[in-house]
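Q: FYI, in numbering that gives the first Met the number 0 the residues of the sequence shown are 0 to 293.
The beta-carbon is built from N, C-alpha and C at its ideal position, and this holds for glycine as well.
Could you have a look at this structure, given as structure tokens, before my questions?
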Amino acid sequence: MGSVDDHDLLPMRSMFDIVRRGYDCAQVDYQLEQLRADLQIAVADRDAGAAQAAELTRALEAARGDIDDLRAQLKRLAAPPTTVEGMSERVARMLRTAQNEAAEINAKATAAAAAIRADVESEAAALRTRYEQMIGEAQRRRSAMEAENERAIADTRRRSEEILALAQQRAEQLDAESAARRQQTEEDFDITMSARRRDATRELAQEEANSKAEAKRRIDEATDVARRLVTEADQTAVARVQEATRRVEALRTLHHQLTGQLQSVSWKLDEALQHLSPAPEEDHVRAGERAQRG
Numbered sequence: 000m001g002s003v004d005d006h007d008l009l010p011m012r013s014m015f016d017i018v019r020r021g022y023d024c025a026q027v028d029y030q031l032e033q034l035r036a037d038l039q040i041a042v043a044d045r046d047a048g049a050a051q052a053a054e055l056t057r058a059l060e061a062a063r064g065d066i067d068d069l070r071a072q073l074k075r076l077a078a079p080p081t082t083v084e085g086m087s088e089r090v091a092r093m094l095r096t097a098q099n100e101a102a103e104i105n106a107k108a109t110a111a112a113a114a115i116r117a118d119v120e121s122e123a124a125a126l127r128t129r130y131e132q133m134i135g136e137a138q139r140r141r142s143a144m145e146a147e148n149e150r151a152i153a154d155t156r157r158r159s160e161e162i163l164a165l166a167q168q169r170a171e172q173l174d175a176e177s178a179a180r181r182q183q184t185e186e187d188f189d190i191t192m193s194a195r196r197r198d199a200t201r202e203l204a205q206e207e208a209n210s211k212a213e214a215k216r217r218i219d220e221a222t223d224v225a226r227r228l229v230t231e232a233d234q235t236a237v238a239r240v241q242e243a244t245r246r247v248e249a250l251r252t253l254h255h256q257l258t259g260q261l262q263s264v265s266w267k268l269d270e271a272l273q274h275l276s277p278a279p280e281e282d283h284v285r286a287g288e289r290a291q292r293g
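Spelled out as structure tokens, the structure:
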């Protein structure tokens, strides 16, 4: 029976890098542990179903052996002769007894085969329902993870925009303060000596350059932080969606495999039931031969 490697269903370690902003590590690990536990239960159910299918197959083979034995007994006992004229009462009584025993054996064999088939169909329905529920749960978890990823990306982008807005606001504030100081200095220069005016202008220019450099540095840092946060969030979201998709496909493949195997067992039971009743003409002839020998 084909199966999916248990270690491929879920990674044994966290797939997320620890960063200052993003998902809470404890919550992510808890969700992964829950999903891992569910998948381990599914694997155990799969193994139990495979073992039970093997047991039912062995029971079917045993039933086939019993059916072959019963068919051999039926051939030995034979069916009603073409005529009972000229036979003794003892021979006729033996034939009637053989007919009754053959009918009883045939009825028991038919009932046993029907019971085995009913058990197999019941187990197949239970396994099919179980795996459909597992696939539905995995799909619901995937949808929840995708929604959570979208919310996290939106929050990250919002925080990045806030950082950029604050940096821009600070830069404008620095420019306004620098312009105000420059205007005040120019007014003072009008009533001071030219030397002091040149020195003050030079200092103001340097201060303005420093202010602009500081503002640019802060904007660059904020931009880098925002880009890094968005990139990390996008990578995490893609990894989560890919992992959830792979697990759903693995469960769906496993479900198809088990369904095919259970259908094969059902076909084998149908074939066994078709061979339960012996050919009437063959039994009739053999019964006549047995009566003549008696």
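1) So, at 7 Å on beta carbons, what are the nonlocal neighbours of GLN138 in its own chain, with the 5 sequence-adjacent residues on each side left out?
2) Quick check on DSSP: helix, strand or coil for HIS254?
3) Compare the beta carbon distance of ARG156 and ALA243 with 8 Å and say whether it is the shorter of the two.
4) On the three-state DSSP scale, how would you describe ASP189?
5) Looking at ARG45 and ASN148, is the spacing between their C-beta atoms short of 8 Å?
6) Nearest to ALA166 by alpha carbon, out of GLN132, GLU185, THR56, ALA225?
7) Going straight from the alpha carbon of HIS274 to that of ASP118, what length do you get?
8) Report the rounded CA-to-CA distance for SER121 versus GLN234, giving the unit in angstroms.
9) Roughly how many whole angstroms lie between the Cα atoms of ALA236 and ASN209?
10) Under the assumption that LEU228 contacts LEU126 (Cβ atoms under 8 Å), give the Cβ distance between them as a whole number of angstroms.
11) Using beta carbons (cut-off 8 Å, strictly below), is ARG95 in contact with chain B?
12) Indicate whether MET133 and ALA41 have their beta-carbon atoms separated by less than 8 Å.
13) If we call anything under 8 Å between Cβ atoms a contact, is LEU173 one with GLU213?
14) State yes or no: is the C-beta of ALA58 within less than 8 Å of the C-beta of ILE115?
15) By how many angstroms is the C-alpha of SER265 removed from the C-alpha of ALA71?
16) What whole-angstrom Cβ distance do ALA146 and ALA232 have, given they're in contact under 8 Å?
17) Using the Cα positions of MET86 and GLY48, report the straight-line distance between them to the nearest angstrom.
18) How about ALA170 and ILE218: are their beta carbons less than 8 Å apart?
19) With distances taken Cα to Cα, identify the nearest neighbour of GLN33 among HIS255, LEU253, GLU136.
20) Given this structure, state the Cα-to-Cα distance separating LEU94 from GLU131, to the nearest angstrom.
21) Taking the alpha-carbon positions, what's the ILE162 to ALA221 distance?
22) Buried or exposed: ALA124, going by 16 or more other Cβ atoms within 10 Å of its Cβ?
23) How many Å lie between ALA297 and THR230 at the Cα?
A: The short version:
1) Within the sequence shown, numbered from 1, the residue matching residue 138 stands at position 139. Around GLN138: VAL247.
2) Locating residue 254 in the sequence shown gives position 255, counting from the first residue. Residue state, collapsed to three classes: helix.
3) Locating residue 156 in the sequence shown gives position 157, where the first residue counts as 1. Locating residue 243 in the sequence shown gives position 244, where the first residue counts as 1. No, these two residues do not count as a Cβ contact at 8 Å.
4) Taking the first residue of the sequence shown as position 1, residue 189 is located at position 190. It is coil, neither helix nor strand.
5) On the sequence shown, position 149 is the one that residue 148 refers to. On the sequence shown, position 46 is the one that residue 45 refers to. In this structure, ARG45 does not lie closer than 8 Å to ASN148 by Cβ.
6) Here the question's residue 166 lines up with position 167 in the sequence shown. It is ALA225.
7) The sequence position of residue 274 within the sequence shown is 275, counting from 1. The sequence position of residue 118 within the sequence shown is 119, counting from 1. Those two C-alpha atoms are separated by around 20 Å.
8) Counting from 1 along the sequence shown, the entry for residue 121 is found at position 122. Counting from 1 along the sequence shown, the entry for residue 234 is found at position 235. Looking at the two C-alpha atoms, the distance is approximately 45 Å.
9) The residue given as residue 236 occupies position 237 in the sequence shown. The residue given as residue 209 occupies position 210 in the sequence shown. So the two alpha carbons sit approximately 40 Å from each other.
10) In the sequence shown, counting from the first residue as 1, residue 228 sits at position 229. In the sequence shown, counting from the first residue as 1, residue 126 sits at position 127. LEU228 to LEU126, Cβ: 46 Å. No contact.
11) The chain inventory of the structure shown lacks chain B, comprising one protein chain alone.
12) In the sequence shown, counting from the first residue as 1, residue 133 sits at position 134. In the sequence shown, counting from the first residue as 1, residue 41 sits at position 42. In this structure, ALA41 lies closer than 8 Å to MET133 by Cβ.
13) If you number the sequence shown from 1, residue 173 lands on position 174. If you number the sequence shown from 1, residue 213 lands on position 214. Yes, they are a contact pair.
14) Walking along the sequence shown from the start, residue 58 turns up at place 59. Walking along the sequence shown from the start, residue 115 turns up at place 116. A contact, by the Cβ cut-off of 8 Å.
15) Reading the sequence shown from its first residue, position 72 is the one you call residue 71. Reading the sequence shown from its first residue, position 266 is the one you call residue 265. Rounded to the nearest angstrom, the two C-alpha atoms are 25 Å apart.
16) Within the sequence shown, numbered from 1, the residue matching residue 146 stands at position 147. Within the sequence shown, numbered from 1, the residue matching residue 232 stands at position 233. Not really, about 14 Å apart at Cβ, beyond 8 Å.
17) Numbered from 1 along the sequence shown, position 87 holds the residue referred to as residue 86. Numbered from 1 along the sequence shown, position 49 holds the residue referred to as residue 48. Bear in mind that a pLDDT of 49 at MET86, under 50, signals an unreliable position, so the number given afterwards is only what the model happens to contain. In a straight line, the C-alpha of MET86 is about 57 Å away from that of GLY48.
18) Position 171 of the sequence shown, counted from the first residue, corresponds to residue 170. Position 219 of the sequence shown, counted from the first residue, corresponds to residue 218. Yes.
19) Locating residue 33 in the sequence shown gives position 34, where the first residue counts as 1. Out of HIS255, LEU253, GLU136, GLU136 has the C-alpha closest to the C-alpha of GLN33.
20) As a first step, residue 94 must be located in the sequence shown, where it is residue number 95. As a first step, residue 131 must be located in the sequence shown, where it is residue number 132. In a straight line, the C-alpha of LEU94 is about 55 Å away from that of GLU131.
21) Position 163 of the sequence shown, counting from 1, holds the residue named residue 162. Position 222 of the sequence shown, counting from 1, holds the residue named residue 221. Each residue's alpha carbon lies about 6 Å from the other.
22) By one-based count along the sequence shown, residue 124 stands at place 125. Label assigned to ALA124: exposed.
23) Because the chain in this structure spans residues 0 to 293, residue 297 falls outside the shown range and cannot be described.
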